[in-house]
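Numbering (our numbering), first residue to last: 183 to 476. Presented below is the structure to which this report refers.
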Amino acid sequence: MKNLLLLFIVLFSSSQVLKAEVPESEKQALIDLFNSTNGSDWTNKWNLDTDVSKWYGVTVVNDHVTEINLFRNNLSGVISSKIGELKNLRSLNLAFNSLTGELPLELVNLSKLRILKLEMNRIKGELPESIGKLKSLEEFTAFNNFLTGTIPSSIGNIKNLKVLNLSSNSLNGSIPKSMGSLSSLESLGLFENTLEGQIPSEMGRLSKLKELVLANNSLGGEVPAEFGQLASLEVFQIQNNKFKSVKNLEYMKSANDYLVFDYDKEELNIDFKDPNFSETRMADTKFEDEGIDE
Numbered sequence: 183m184k185n186l187l188l189l190f191i192v193l194f195s196s197s198q199v200l201k202a203e204v205p206e207s208e209k210q211a212l213i214d215l216f217n218s219t220n221g222s223d224w225t226n227k228w229n230l231d232t233d234v235s236k237w238y239g240v241t242v243v244n245d246h247v248t249e250i251n252l253f254r255n256n257l258s259g260v261i262s263s264k265i266g267e268l269k270n271l272r273s274l275n276l277a278f279n280s281l282t283g284e285l286p287l288e289l290v291n292l293s294k295l296r297i298l299k300l301e302m303n304r305i306k307g308e309l310p311e312s313i314g315k316l317k318s319l320e321e322f323t324a325f326n327n328f329l330t331g332t333i334p335s336s337i338g339n340i341k342n343l344k345v346l347n348l349s350s351n352s353l354n355g356s357i358p359k360s361m362g363s364l365s366s367l368e369s370l371g372l373f374e375n376t377l378e379g380q381i382p383s384e385m386g387r388l389s390k391l392k393e394l395v396l397a398n399n400s401l402g403g404e405v406p407a408e409f410g411q412l413a414s415l416e417v418f419q420i421q422n423n424k425f426k427s428v429k430n431l432e433y434m435k436s437a438n439d440y441l442v443f444d445y446d447k448e449e450l451n452i453d454f455k456d457p458n459f460s461e462t463r464m465a466d467t468k469f470e471d472e473g474i475d476e
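See below:
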């Protein structure tokens, strides 16, 4: 009898574990996202009557939502402000959809977020001034949207950021000096905006930077002499700007390996590598997410 009772307790406990669910606040946040982005029209819809762990693109670890991947899933509408309730979220991929509206301010409450991909949507408005609160962020891509306003100076607080691509928007103003504090940055794309003013000399401190794409803006002044310190740089594109001088490019020790456009060849005594667009990954930002199966 004792053995049967013990077996019953074990089976009951196991069933409870199997039925374990995420907190109600997280489930409701997902439901709000589903409703605000016209979930009934999604390519891969959620069955809200099943466990959250079975919902398409949702990863649950230790009873918490840690990842949402709805890449190219026919989302429209706006991102719900309730997204900020997903405190354990580490990756949010809503790229290649038809999202509109502005980014909810609550987005900056996702302190554990490492990957934020919003590219190829129709998102408008400004980046949150407090975006620097996303201190765990390693990758932020929001190219090909309708973002306006300036790049918040608080972005320099995201010390773990490796990839930042805000190309093909309508961002204006100058590049914040705080960008030079992104010591982990490897790839920066600000192609095709309306940025103006000089490139901050502080960006010469970005020792890990491999790609720097600033083409198609209204940047002026001189290319900073400090760029000679960018030892890791492989791709450098500055075509279609308003620079008065690019003479400081002579200080770049490995200039022959760079892809540099829109400079006065008569002013320089170095031969830059001829442009080969097939070797660049950020000049044309209309690329698809790598690693996503069709």
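We put the CB at the ideal spot given by N, CA and C, even for glycine.
| Pick from 299, 385, 304 and 396 that is closest to residue 282, judged by C-alpha positions | Ranking the options by Cα distance to residue 282, first place goes to 304.
| query | Does the Cβ of residue 207 have 16 or more other Cβ atoms within 10 Å, making it buried, or fewer, making it exposed? | reply | exposed
| message | At the level of alpha carbons, what is the spacing between residue 415 and residue 263? | response | 38 Å
| Where do the ends of the beta strand (DSSP E) carrying residue 216 lie? | Careful: residue 216 lies outside any beta strand (DSSP E), inside the alpha helix (DSSP H) at 206 to 218.
| query | Span of the beta strand (DSSP E) holding residue 307? | reply | 306 to 308
| query | Cα-Cα, which of 232, 413 and 396 is closest to residue 424? | reply | 396
| field | Environment of residue 323 [buried if 16+ CB atoms lie within 10 Å] | value | buried
| query | In three-state terms, what does DSSP make of residue 410? | reply | In this structure, residue 410 counts as helix in the three-state DSSP scheme.
| field | Cβ neighbour criterion (16 or more within 10 Å) applied to residue 203 | value | exposed
| Taking the DSSP output, what are the residues bridged to residue 403? | 425
| message | Whole angstroms are fine: how far does the CA of residue 360 sit from the CA of residue 335? | response | 6 Å
| message | Could you compute how far the alpha carbon of residue 418 sits from the alpha carbon of residue 297? | response | Put simply, the backbone Cα of residue 418 is about 24 Å away from that of residue 297.
| message | By DSSP's criteria, residue 345 is part of a beta bridge. Which residues make up the other side? | response | BP columns for residue 345 point to 321 and 369.
| Strand pairing of residue 392, partner residues [DSSP] | Note: residue 392 is not bridge-paired with any residue in the DSSP secondary-structure output.
| query | Rounded to a whole number of angstroms, what is the C-alpha to C-alpha distance between residue 267 and residue 381? | reply | So the two alpha carbons sit approximately 37 Å from each other.
| task | Would you kindly check if the distance between the Cβ of residue 234 and the Cβ of residue 209 is under 8 Å? | result | Cβ distance < 8 Å, so residue 209 and residue 234 count as in contact.
| message | How far does the beta strand (DSSP E) with residue 225 in it extend, from its first residue to its last? | response | Unbroken run through residue 225: none, as it is neither H nor E.
| field | Counted within 10 angstroms of its Cβ, other Cβ atoms place residue 413 as buried (16 or more) or exposed | value | Classification of residue 413: exposed, given that the 10 Å Cβ count is below 16.
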